[in-house]
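Undergrad: Protein chains in written order, with the numbering used here: chain W, 19 to 333; chain E, 19 to 333.
A virtual CB, placed ideally from N, CA and C, is assigned to each residue, including glycine.
(1) How should residue 270(W) be labelled, buried or exposed, when 16 other C-beta atoms within 10 angstroms of its C-beta is the threshold for buried?
(2) Given residue 94(W), which residues of its chain have a CB within under 7 Å of its CB, disregarding the five upstream and five downstream residues?
(3) Check each residue of the region 109-131 of chain W: if its Cβ is closer than 9 Å to any Cβ of chain E, include it; give the result in chain order.
(4) Would you say residue 265(E) faces chain W, with C-beta separation under 7 Å as the test?
(5) For residue 157(W), go through chain E and note every residue whose CB falls closer than 8 Å to its CB, in chain order.
(6) For residue 311(W), which three-state DSSP category applies?
(7) If you draw a straight line from the C-alpha of residue 154(W) to the C-alpha of residue 167(W), how long is it?
(8) Quick check on residue 269(W): does DSSP put it in helix, strand or coil?
(9) Does residue 223(E) get closer than 7 Å to chain W when you measure Cβ to Cβ?
(10) Going by the CB atoms, is the gap between residue 227(W) and residue 262(E) shorter than 7 Å?
(11) Quick one, which of 163(E), 162(E) and 174(E) has its alpha-carbon nearest residue 156(E)'s?
(12) Name the chain E residues whose beta carbon is nearer than 7 Å to that of residue 180(W)?
(13) Identify every run of the beta strand (DSSP E) within the region 105-157 of chain E, keeping only runs that are complete inside it and at least 3 residues long; order them along the chain.
(14) Residue 177(W) bridges to which residues according to DSSP?
(15) Measuring only the C-alpha atoms, how far is residue 45(E) from residue 69(E)?
(16) In chain order, what residues of the same chain lie with their CB nearer than 8 Å to the CB of residue 185(E), ignoring the 5 residues before and after it?
(17) What's the gap between the Cα of residue 97(W) and the Cα of residue 89(E)?
(18) Check the Cβ of residue 231(W) against every Cβ in chain E and list those closer than 7 Å, keeping chain order.
(19) Please list, in chain order, all residues of the same chain as residue 100(W) whose beta carbon is under 6 Å from its beta carbon, the five residues on each side excluded.
(20) DSSP three-state call for residue 182(W): helix, strand or coil?
(21) Counting contacts by CB-CB distance shorter than 7 Å, is residue 188(E) in contact with chain W?
(22) How many whole angstroms separate the CB atoms of residue 235(W) and residue 260(W), which I take to be in contact at a CB cut-off of 8 Å?
(23) Residue 138(E) touches chain W at which residues, Cβ-Cβ below 8 Å?
(24) Determine the extent of the beta strand (DSSP E) in which residue 35(W) is found, giving its start and end residues.
(25) May I ask which residues mark the beginning and end of the beta strand (DSSP E) holding residue 7(W)?
(26) What residues from the region 233-256 of chain W come within 9 Å of chain E, judged by C-beta to C-beta, listed N to C?
(27) Alpha carbons only, please: which of 41(E), 144(E) and 27(E) is nearest the one belonging to residue 21(E)?
(28) In chain W, which residues lie with their C-beta within 9 Å of the C-beta of residue 258(E)?
(29) Skipping 5 residues on each side, what residues in its chain have a beta carbon closer than 8 Å to that of residue 312(W)?
(30) Please list, in chain order, the chain E residues whose beta carbon lies closer than 7 Å to that of residue 193(W).
(31) Let me make sure I understand the geometry here. Which of 257(W), 49(W) and 139(W) has the alpha-carbon closest to that of residue 307(W)?
(32) Can you tell me which of 121(W), 61(W) and 302(W) puts its alpha carbon nearest to the alpha carbon of residue 76(W)?
(33) Considering just the uninterrupted stretch of the alpha helix (DSSP H) at residue 215(E), what are its terminal residues?
(34) Could you give the residue range of the beta strand (DSSP E) that holds residue 65(W)?
(35) Name the DSSP beta bridge partners of residue 47(E), please?
(36) Spatial neighbours of residue 288(W) within its chain, please: C-beta separation below 8 Å, excluding the five flanking residues on both sides.
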């Protein structure tokens, strides 16, 4: 029986999950309507299409939908923040079709300063899946803006952002390094990626900004195949993320970090970790849906009686 | 009396200088026709327009015009390379209108591997302007692809490329950091730039990839004015270039590097150097035209008699 709906609404994608009372996913819908690529009619139209035919029931949304460029700007919750703090910061928006959607707030770390929107929900989801991580853990959420998150006693204690994915995309799509290259499938991920990771590690304290151009020189010399440049670049940049975090005080030798997110992207970080002689991190997938479900379920239990805690049928 | 023509033909711009016998510039013409932004009719048409009315006389071109994507691919000369090596590597192309243009080869450093096209001519020009630099010097040529060049005994001994300018442009034009910002004029270059440089220095061995996102967080918090983000980013990235080169074995404490290139861009590197407590580098401008003239003049003297060493009138 459908009991709640979770919406993961980021910059470039939109995914809705329909949950039963035990948190099992009954149906998933994906649309290419990130907040930067909405249909012309905007958020209301996207939501109306996305949830069409699904019952009226408690609905939460996480991600950039709550940013200044989103549907409605929801104030950040300050770190340290746990699930209860996120629930207290829920911000309810009523869509044109009458549905109420509770937007989960992002988290702000004043020490950076740094901000996240969406990853806090994945962290909560990972903690639901692996309660043993709540005491003390370090989580890595690779992506357009990778987040490194320290968790203690169920709280997001501190975090920092590394723009690895965005830099990769920019170099690949717009720079002189990307013009002659094609994206390869992950199936072929191999020596070129490893070579990039090794070059990043070998860059020492200088870092890879001085090594990026080597991709072009290697290609011109025929030592790097044109269609391997993107793997080499990916290795350089993911390697730089590990190098940089090892050089800072973020990656603590006594903790084994976990990777959370897209399985194929996490696999790249996992492979790079091995080349840095870091113990292989565990990979946690589906954390976003799990976190959405947990927050909806807990918010519904805590909510005053008039809030809908059961589903009503809709158009 | 016009005696020779030098053409600086890069990725995004095209500049021709008409020289007299003493190397004085009689006229300069600038067109927006870099090799990536040529008029539809291509190189011949661009050249025909550019040099229209100028006499037929020894003509050299430097830069990406000699690259694989250029007018004609000219093989690199290997480092160590001096002016004579460049002259031996000149590659003559005859344009549709009958003009002969000698393209100056780029230089390749197999140790990187790394490559340059155009900067070698600026280095020669700087050595002509400041012969005392020939014995032993370190030159920095800021740009889309900044080059750090070690010179000894008049030879380009080794060099490396830092893609600072390209990364800045990509972040500014295409990333989440640039979307809400406007470019400021250099006149307003001030605290935001300095703050970026200081953040880069403070990043220590971790480097600025972990700090780039702070520009967004600072902006969201109102601590960084939207129209100052580009200056802050510029400071972060130019600061990273200094940080990185100090962390490597490139920047040698016993040498005072010189800056070669665009005066306003060099001024940013000069300002950043001060924040790193590096002795203020001297700034050398107009090195490209000077290098072109020197190479043409020397090549013409050395050339067999049938080469045109005097000007003939043309269309």
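TA: In short, the structure shows the following:
(1) Residue 270(W) sits at position 252 when you count from the first residue of the first chain. With fewer than 16 other Cβ atoms within 10 Å, it is exposed.
(2) Working through the first chain from its first residue, we reach residue 94(W) at position 76. Counting only Cβ-Cβ distances below 7 Å, and skipping sequence neighbours, we find 123, 124, 125, 126 and 133.
(3) 126, 127, 128, 130 and 131
(4) Position 247 of the second chain, counted from the start, is the residue given in the question as residue 265(E). Output row for residue 265(E): interface = yes.
(5) To locate residue 157(W), count along the first chain from 1; it is residue 139. Per Cβ cutoff of 8 Å: no residues; residue 157(W) is ~16 Å from chain E at best.
(6) As a working note, residue 311(W) is residue 293 in the first chain. Residue state, collapsed to three classes: helix.
(7) For this step, residue 154(W) is matched to residue 136 along the first chain. For this step, residue 167(W) is matched to residue 149 along the first chain. Going from the Cα of residue 154(W) to the Cα of residue 167(W) covers about 11 Å.
(8) Residue 269(W) sits at position 251 when you count from the first residue of the first chain. Coil, per DSSP.
(9) Taking the first residue of the second chain as 1, we reach residue 223(E) at position 205. Yes, because at least one Cβ of chain W sits closer than 7 Å to the Cβ of residue 223(E).
(10) Start at 1 with the first residue of the second chain, and residue 262(E) comes out as number 244. Start at 1 with the first residue of the first chain, and residue 227(W) comes out as number 209. For residue 262(E) and residue 227(W), yes; Cβs fall inside 7 Å.
(11) By one-based count along the second chain, residue 156(E) stands at place 138. The shortest C-alpha separation from residue 156(E) is found at 174(E).
(12) Counting from one through the first chain, the residue named residue 180(W) turns up at place 162. What residue 180(W) touches in chain E: 227 and 228.
(13) 109-112, 118-121, 125-127 and 132-134
(14) Within the first chain, numbered from 1, the residue matching residue 177(W) stands at position 159. DSSP lists 167(W) as partners of residue 177(W).
(15) As a position in the second chain, residue 45(E) is number 27, starting the count at 1. As a position in the second chain, residue 69(E) is number 51, starting the count at 1. Their Cα atoms are separated by approximately 11 Å.
(16) Locating residue 185(E) in the second chain gives position 167, where the first residue counts as 1. For residue 185(E), where only same-chain residues beyond five positions count, the Cβ hits under 8 Å are 255.
(17) As a first step, residue 97(W) is located in the first chain; it is residue number 79 there, counting from the start. As a first step, residue 89(E) is located in the second chain; it is residue number 71 there, counting from the start. So the alpha carbons of these two residues sit roughly 57 Å apart.
(18) Along the first chain, read from residue 1 onward, the residue named residue 231(W) stands at position 213. Here the neighbours are 132, 163, 179 and 181.
(19) Here residue 100(W) refers to the residue found at position 82 when the first chain is read from its first residue. So the list reads 172 and 173, once near-sequence residues are dropped.
(20) Counting from 1 along the first chain, the entry for residue 182(W) is found at position 164. Note: residue 182(W) maps to helix in three-state DSSP.
(21) Residue mapping note: residue 188(E) aligns to position 170 of the second chain, counting from 1. Yes, residue 188(E) lies at the interface with chain W (some Cβ there is under 7 Å from its Cβ).
(22) Looking up residue 235(W) in the first chain gives position 217. Looking up residue 260(W) in the first chain gives position 242. Residue 235(W) to residue 260(W), Cβ: 24 Å. No contact.
(23) To locate residue 138(E), count along the second chain from 1; it is residue 120. The contacting residues do not exist; residue 138(E) stays about 15 Å from chain W at best.
(24) Start at 1 with the first residue of the first chain, and residue 35(W) comes out as number 17. Counting along the chain, the beta strand (DSSP E) containing residue 35(W) begins and ends at 32-38.
(25) The question about residue 7(W) has no answer here: the residues shown for chain W are numbered 19 through 333.
(26) 234, 235, 236, 238, 239, 241 and 255
(27) As a working mapping, residue 21(E) is identified with position 3 in the second chain. Of 41(E), 144(E) and 27(E), the residue nearest in Cα terms is 41(E).
(28) Mapped onto the second chain, residue 258(E) falls at position 240. Within 9 Å Cβ-Cβ: 225 and 227.
(29) What you label residue 312(W) is simply residue 294 of the first chain in a count that begins at 1. The residues are 41, 101, 142, 143 and 146.
(30) For this step, residue 193(W) is matched to residue 175 along the first chain. What residue 193(W) touches in chain E: 184 and 188.
(31) Working through the first chain from its first residue, we reach residue 307(W) at position 289. Among 257(W), 49(W) and 139(W), the Cα nearest to that of residue 307(W) is on 139(W).
(32) Residue 76(W) sits at position 58 when you count from the first residue of the first chain. Selected option, being the one with the closest Cα: 121(W).
(33) Indexing the second chain from 1 puts residue 215(E) at position 197. Taken as a continuous stretch (DSSP letters only), the alpha helix (DSSP H) holding residue 215(E) covers 209-220.
(34) Position 47 of the first chain, counted from the start, is the residue given in the question as residue 65(W). Where residue 65(W) is concerned, there is no enclosing beta strand (DSSP E), although the alpha helix (DSSP H) it sits in stretches over 61-68.
(35) Within the second chain, the letter at position 29 stands for residue 47(E). Partner(s): 34(E).
(36) Walking along the first chain from the start, residue 288(W) turns up at place 270. Only 277, 298, 299 and 301 meet the Cβ criterion.
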